[in-house]
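Worksheet for the structure shown next.
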Amino acid sequence: MHCGAVNDSGGPPTPARPAGAEIGRQVVLVTGAGGPAGISVLLHLRRSGHRTVAADASPDAAGLRLADASGVLPLAGERGFLDALCELGTTTGATAVIATVAEEIVALGEGADRLAASGMATWVPTPDAVRTCIDKWQFHLAAEAAGIPVPPTVPGSAITPGADPPFPGPWLVKPRFGRGSRHIVPVDDPADLPAATRSVPDPLIQHRLGGREFTADALMAADGVTLLGAVPRWRDETKAGISVRGETFDSSDVSGGVAALLGALGLAGPSNVQGFVDPATGRASFTEVNPRFSGGLPLSLAAGADLVGEYLRGVVGLAPRTERLAYRPGVRMFRYFAEIFEGPQQ
7 MHCGAVNDSG GPPTPARPAG AEIGRQVVLV TGAGGPAGIS VLLHLRRSGH
57 RTVAADASPD AAGLRLADAS GVLPLAGERG FLDALCELGT TTGATAVIAT
107 VAEEIVALGE GADRLAASGM ATWVPTPDAV RTCIDKWQFH LAAEAAGIPV
157 PPTVPGSAIT PGADPPFPGP WLVKPRFGRG SRHIVPVDDP ADLPAATRSV
207 PDPLIQHRLG GREFTADALM AADGVTLLGA VPRWRDETKA GISVRGETFD
257 SSDVSGGVAA LLGALGLAGP SNVQGFVDPA TGRASFTEVN PRFSGGLPLS
307 LAAGADLVGE YLRGVVGLAP RTERLAYRPG VRMFRYFAEI FEGPQQ
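The numbering of the sequence shown is this note's numbering, which starts it at 7 and goes up by one.
Encoded structure:
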């Protein structure tokens with residue numbers, strides 16, 4: 007059963023039931039089941055009583071073993087991705103789809119009508135808003151134009167041997183298109199900038215901010231303007247770009263900046279916003295936005311903000327409840343490994 011019709015603006019399905027209605031048990035297809043975000047969403051949905059269908063491009067993805075049903079999909083940029091997604095949804099009876107890979111969210115936005123015809127409701131931002139986040143240079147330009155505090159950034163081509171850098175260091179050389187901490191090179195000596203830019207694909211050079219690093223897990227309304235809820239959390243320790251130790255905190259400067267930034271991008275639905283807080287001033291600067299749930303999502307869920315459940319309400323055509331997005335500051339997370347075993351065991 008499809009719960010409502012997808013509207014033309016990339017927002018959630020048009021509500022088909024009263025706003026106070028209960029969501030009921032859904033069959034939710036979650037993509038990106040090999041990553042921390044996908045696994046976090048799957049586990050939360052199962053704990054909430056929903057049936058889950060895990061999907062990933064790798065048959066070895068751990069999340070495929072954690073769901074009620076599963077399937078392997080082509081990569082989002084490959085031919086047949088949407089066909090395979092619709093077929094998996096049809097054969098498993100999926101009523102909703104949640105994507106945790108940015109590139110897949112673009113494909114879902116462009117194929118919303120086909121998803122609806124397959125019985126799956128979805129709610130994703132406009133493809134242009136997602137592409138702006140994926141392209142870190144376009145993101146920087148959009149944020150800067152909106153007056154959002156962002157670190158000075160230039161394309162790698164702005165660096166010429168022997169010339170002074172365009173702004174003071176220290177610096178980060180990072181790929182224009184990338185995720186996590188892959189291919190990010192810290193630079194302290196300006197003489198090392200040319201070599202660093204040659205080592206990074208499609209490089210950007212950015213001032214390396216000091217202060218304390220944070221992520222804010224956020225949910226924006228369908229209008230792409232109204233912030234429904236945001237949970238700022240310190241990234242006290244990270245591994246491969248994923249938070250493994252953190253703590254929720256309260257900051258009106260961070261929350262206000264998140265609302266302004268996401269509003270400038272017109273980014274509806276879930277996202278995670280990253281940046282740094284200057285300890286001397288308490289002011290936040292923002293470095294990037296990922297238009298999806300984050301790998302550190304379990305901390306925000308544990309702090310009381312049901313971002314997944316309220317997003318799913320929006321997906322199936324019900325109004326998200328802002329009171330369910332409140333959170334408790336001071337909740338700490340310590341992440342550890344877990345294992346799944348297959349095959350003969352002693």
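C-beta: ideal position from N, C-alpha, C; glycine also.
Computed from a prediction, not measured in an experiment: that's the story for all the values here.
Residues in its own chain within less than 6 Å of residue i by CB, not counting five upstream and five downstream?
| i | result |
| --- | --- |
| ARG298 | THR106, ALA108 |
| GLY272 | ALA135, GLY230 |
| ASN278 | THR221, ASP223, ASN296, SER300 |
| VAL78 | PRO65 |
| PRO326 | LEU234, GLU316, ARG319, GLY320 |
In chain order, what residues of the same chain lie with their CB nearer than 7 Å to the CB of residue i, ignoring the 5 residues before and after it?
| i | result |
| --- | --- |
| GLY86 | PRO80 |
| ASP364 | The question about residue 364 has no answer, for the chain in this structure spans 7 to 352. |
| ALA149 | VAL156, LEU267, ALA270, PHE292 |
| PHE145 | THR138, CYS139, GLU294, VAL295 |
| ARG71 | ILE346 |
| TRP143 | PRO161, ARG182, LEU210 |
Less than 8 Å between the CB atoms is what I'm expecting for residue i and residue j, so what's the real figure, rounded?
| i | j | result |
| --- | --- | --- |
| PRO285 | SER257 | PRO285 to SER257, Cβ: 12 Å. No contact. |
| LEU225 | PRO276 | 5 Å |
| ILE248 | PHE183 | Not quite, the Cβ-Cβ distance comes to about 19 Å (not below 8 Å), so this is no contact. |
Nearest to residue i by alpha carbon, out of the options?
| i | options | result |
| --- | --- | --- |
| SER31 | ARG334, ARG53, ALA43, GLY40 | The residue you asked about is not Ser; residue 31 is Arg in the sequence shown. Measuring from the Cα of ARG31, the nearest candidate turns out to be ARG53. |
| LEU268 | GLU294, LYS180, PRO304 | GLU294 |
| ASP74 | GLY95, ALA201, PRO350 | GLY95 |
| ALA274 | THR132, ALA63, ARG137 | THR132 |
| GLU348 | ASP66, THR166, SER261 | ASP66 |
| VAL112 | THR97, THR98, THR128 | THR128 |
| SER193 | THR328, ALA344, PRO171 | Going by the sequence as given, residue 193 is Val instead of Ser. If we check each option's Cα against that of VAL193, PRO171 comes out closest. |
| LEU48 | GLU345, GLY315, PRO174, PHE340 | GLY315 |
| PRO167 | PRO196, PHE183, ILE190, GLY153 | PRO196 |
| GLY262 | GLY69, SER249, THR244, ARG289 | ARG289 |
| GLY69 | ASP198, LEU147, HIS50 | HIS50 |
| GLU329 | LEU233, LEU114, ASP259 | LEU233 |
| ALA201 | ARG182, MET226, PHE173, ILE165 | ILE165 |
| CYS92 | PRO304, GLU116, ALA123 | ALA123 |
Which class does residue i belong to by DSSP, given the choice of helix, strand or coil?
| i | result |
| --- | --- |
| ARG52 | helix |
| LEU233 | strand |
| ASP259 | helix |
| LEU72 | coil |
| ASP284 | coil |
| ASP208 | coil |
| GLU84 | coil |
| GLY77 | strand |
| VAL191 | strand |
| PHE292 | strand |
| ALA108 | helix |
| THR132 | coil |
With a threshold of 8 Å on Cβ separation, who are the neighbours of residue i within its own chain once the five nearest residues in sequence on each side are excluded?
| i | result |
| --- | --- |
| ALA332 | GLY235, GLY310, ALA311 |
| GLY162 | VAL179, THR203, VAL206, ASP208, PRO209, LEU210, ILE211 |
| ALA102 | CYS9, GLN32, VAL33, VAL34, LEU35, MET126, ALA127, THR128, LEU318, VAL321, VAL322 |
| PHE255 | PHE220, PRO238, ARG239, TRP240, PRO335, GLY336 |
| GLU110 | THR37, GLY38, ALA82, PHE87 |
| PRO174 | HIS213 |
Can you confirm whether the stretch 203 to 211 touches the stretch 168 to 180 when touching is taken to mean that 3 or more C-beta pairs between the two stretches lie within less than 8 Å?
Between the stretch 168 to 180 and the stretch 203 to 211, the count of C-beta pairs closer than 8 Å reaches three or more; the two stretches touch.
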